[in-house]
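**Student:** Please read through the structure below; I'll follow up with questions.
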Amino acid sequence: MTREIRLNAFDMACVGHIQHGMWTHPRDRSADYTSIDYWMDMARTLERGLFDGLFLADVVGVYDVLGGSPDAAIRNAVQIPLLDPLLLVPAMAAVTRHLGFGVTCNLTYEAPYLFARRMGTLDHLTRGRIGWNIVTGYLDSAARAMGLEKQLQHDDRYDAAEAFMQTVYGLWEGGWADDAVVRDRAAGVYADPARVRGIEGRGPHLVEPSPQRTPVLYQAGASDRGRAFAARHAECVFVNAGRPADVARLVADLRARAAPRPIRVFAGATLVVGRTEAEAQDLLAEYRSHASVEGALAHAAASLGIDFDRFGMDEPIAVAATDAISSNVEAMRRVFGPGWTKRQMIDQFILGSRQRPITGSAEQVAQALIDFAEAADVDGFNLSRTVMPEGLEAVVDLVVPLLQERGAYKRDYAPGTYREKLFGAGPRLAAPHPAAAVRQ
Ligand SMILES: Cc1cc2nc3c(=O)[nH]c(=O)nc-3n(C[C@H](O)[C@H](O)[C@H](O)COP(=O)(O)O)c2cc1C
């Protein structure tokens with residue numbers, strides 16, 4: 001049987017997300033990101049394509065590692081300017097019924113009590129379609145923006161995350177018993193105070209029980225500590241694309257560590273789809289002429305924690321561990337060897353990032369997704385945008401019907417909350433997940 005493939009759109013509340021420079025394409029609408037209609041239109045298109053979710057990335061801080069300055073990022077709109085992703089969700093939820101929303105929030109700079117309320121609010125307003133991508137950040141610029149000197153070290157960030165999770169589980173799961181809200185008009189009792197409790201000296205969670213309580217939990221760390229954290233907490237894991245065998249090894253490790261809990265794994269991908277192969281190659285060439293090397297370099301510098309301005313084109317980039325996304329640095333070493341160079345990396349920038357597009361006719365792209373999912377043992381893909389909205393519409397109108405024909409894609413949404421649609425079980429986290437252990 002062909003495995004079912006799930007699709008998320010991978011986006012961000014900004015102009016340049018992954019493929020930098022696409023905004024300069026005359027048909028691209030990503031610079032309309034400040035318009036609520038832009039997001040509502042996108043949500044409708046995603047639901048038409050039966051996408052599981054819209055995964056929204058986020059960063060706190062600017063990309064100022066390249067040349068020690070944010071200029072290249074600002075010039076090229078590399079994740080700046082950037083809106084608050086959570087605030088986009090209610091408008092998109094209002095025009096959809098099934099689409100899930102996986103929103104990235106950096107817990108390092110969140111107060112758990114307020115954060116738990118925002119997520120609880122969104123779980124109500126979306127009727128149980130909210131998810132949270134748990135991140136701790138990788139930018140010193142974020143720490144400085146928040147009044148600190150620098151960010152915590154890589155592994156310490158995961159320790160802080162562990163403590164944060166215990167607190168928010170306590171609020172979401174432990175605060176209100178299922179039967180705490182009685183709404184007894186005759187007795188004049190809205191909720192039974194005996195069934196509502198605080199945790200860790202805090203007053204009770206402010207939000208009454210929502211459909212999922214804890215949002216669907218995403219995580220994307222791939223280092224050893226990152227995997228251990230994902231195995232304990234994540235329901236969905238987002239992994240970078242790479243050679244299928246490399247991804248398969250990572251996925252096997254994640255699944256083994258998380259067992260017996262199932263996890264859904266989504267690989268990053270960028271698609272350039274035409275009605276024919278020739279049309280797709282023409283589109284790729286057209287898009288490529290708008291790609292920004294400087295933007296891609298600014299992004300890579302910040303996420304790898306390496307100032308590429310300090311290296312010549314052919315000078316080996318011999319850096320030890322950095323405090324940014326260490327798994328990305330390891331991936332560069334794996335692909336190019338220990339003495340990899342800036343030139344090798346720039347040669348990989350096809351559309352304005354290190355993520356190489358899968359290009360072809362709809363048939364070719366559909367088959368490539370099916371083959372990759374099988375070889376890498378992933379459940380689906382987080383699709384980065386190219387030129388919007390045409391790149392997304394091509395996936396929905398050309399690729400999705402073929403995946404359906406091949407038995408690799410749903411023909412309708414499953415009922416229920418985001419968690420129910422993803423796992424087919426109940427709306428709430430179950431044992432052995434640590435959130436279930438603190439339930440009242
Ligand atoms: C595919 C992918 C997507 C990510 N998206 C974000 C993001 O939107 N915001 C963020 O702050 N960190 C993001 N990260 C960073 C991770 O959350 C994590 O901080 C980082 O990978 C460092 O942990 P690691 O060394 O364990 O991988 C992403 C990482 C990966 C691999």
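Count the sequence shown with the UniProt record's numbering and you get residues 1 to 440, in order.
Glycine included, C-beta positions come from ideal geometry on N, C-alpha and C.
Relative to ligand 1, is the shortest distance from any of its heavy atoms to the C-beta of Tyr63 smaller than 7 Å?
**Tutor:** False, no ligand heavy atom lies under 7 Å from that Cβ.
**Student:** Which value, in whole angstroms, describes the spacing of the CA atoms of Tyr418 and Asp379?
**Tutor:** C-alpha separation (whole angstroms): 15 Å.
**Student:** Between which two residues does the alpha helix (DSSP H) containing Ala73 stretch?
**Tutor:** Segment Asp71 to Arg75, the alpha helix (DSSP H) holding Ala73.
**Student:** Just confirm the distance between the C-beta atoms of His25 and Gly352, as a whole number of angstroms; I'd bet it's less than 8 Å.
**Tutor:** Not a contact, Cβ separation roughly 11 Å.
**Student:** Could you pull the start and end residues of the alpha helix (DSSP H) that Met42 belongs to?
**Tutor:** Per DSSP, Met42 belongs to the alpha helix (DSSP H) from Ile36 to Arg48.
**Student:** Cβ of Val438 within 7 Å of any heavy atom in ligand 1?
**Tutor:** Val438: no, Cβ never under 7 Å from ligand 1.
**Student:** Please report the straight-line C-alpha distance between Thr96 and Glu420, rounded to a whole angstrom.
**Tutor:** Using only the alpha carbons, I get a separation of about 17 Å.
**Student:** Hey, would you say Val395 sits closer than 8 Å to Val273, going by beta carbons?
**Tutor:** Yes. Within cutoff.
**Student:** From which residue to which residue does the alpha helix (DSSP H) around Ser326 run?
**Tutor:** Looking at the DSSP string, the run of the alpha helix (DSSP H) that includes Ser326 is Ser326 to Phe336.
**Student:** Within 10 Å of its beta-carbon, does Gln153 have 16 or more other beta-carbons around it, so buried, or fewer, so exposed?
**Tutor:** With fewer than 16 other Cβ atoms within 10 Å, it is exposed.
**Student:** Identify, in the order they occur along the chain, each residue of the same chain with its Cβ nearer than 6 Å to the Cβ of Gly416, setting aside the five sequence neighbours on each side.
**Tutor:** Once the five neighbours on either side are set aside, Gly416 has no close Cβ partner at all.
**Student:** Applying the 10 Å Cβ sphere with the 16-neighbour rule, what's the burial state of Val207?
**Tutor:** Answer is buried; the Cβ neighbour count reaches 16.
**Student:** With H, G and I counted as helix, E and B as strand and the rest as coil, what does DSSP make of Phe176?
**Tutor:** According to the sequence shown, residue 176 is Trp rather than Phe. Looking at Trp176 - three-state DSSP - the assignment turns out to be strand.
**Student:** Express the C-alpha separation of Tyr109 and Leu284 in angstroms, rounding to a whole number.
**Tutor:** C-alpha separation (whole angstroms): 39 Å.
**Student:** Anyone know if the C-beta pair for Gly360 and Ala373 falls short of 8 Å?
**Tutor:** No, the pair does not count as a contact, with Cβ atoms beyond the cut-off.
**Student:** What's the call for Gly424, buried or exposed, on a 16-neighbour Cβ count within 10 Å?
**Tutor:** With fewer than 16 other Cβ atoms within 10 Å, it is exposed.
**Student:** Who are the near neighbours of Val181 in its chain, counting only those whose CB is closer than 6 Å to its CB and skipping five residues on each side?
**Tutor:** So the qualifying residues of the chain are Ala191 and Glu208.
**Student:** What number of angstroms, rounded off, separates the C-alpha of Pro211 from the C-alpha of Trp176?
**Tutor:** Computed Cα separation, rounded: 13 Å.
**Student:** Could you pull out every residue in the same chain whose Cβ sits closer than 8 Å to the Cβ of Pro338, ignoring the five residues on either side in sequence?
**Tutor:** Result list for Pro338: Pro316 and Ala318, in chain order.
**Student:** If I follow the unbroken alpha helix (DSSP H) through Ala258, where does it start and stop?
**Tutor:** Unbroken alpha helix (DSSP H) run through Ala258: Pro244 to Ala258.
**Student:** Would you identify the three-state DSSP class for Arg117, choosing helix, strand or coil?
**Tutor:** Helix, per DSSP.
**Student:** Based on the DSSP output, what are the partners of Leu392 in its beta bridges?
**Tutor:** Leu392 is not bridged to any residue.
**Student:** Nearer than 7 Å: is that true of the beta carbon of Ser327 relative to any heavy atom of ligand 1?
**Tutor:** Yes; taking the cut-off as 7 Å, the Cβ of Ser327 has a heavy atom of ligand 1 nearer than that.
**Student:** If I follow the unbroken alpha helix (DSSP H) through Val89, where does it start and stop?
**Tutor:** Note, Val89: alpha helix (DSSP H), Val89 to Ala94.
**Student:** Does the distance from the C-beta atom of Val239 to that of Asp377 stay below 8 Å?
**Tutor:** Cβ distance not < 8 Å, so Val239 and Asp377 don't count as in contact.
**Student:** What does the Cβ neighbour count give for Leu422, buried or exposed, with the cut at 16 atoms within 10 Å?
**Tutor:** It is buried - the Cβ of Leu422 has at least 16 other Cβ atoms within 10 Å.
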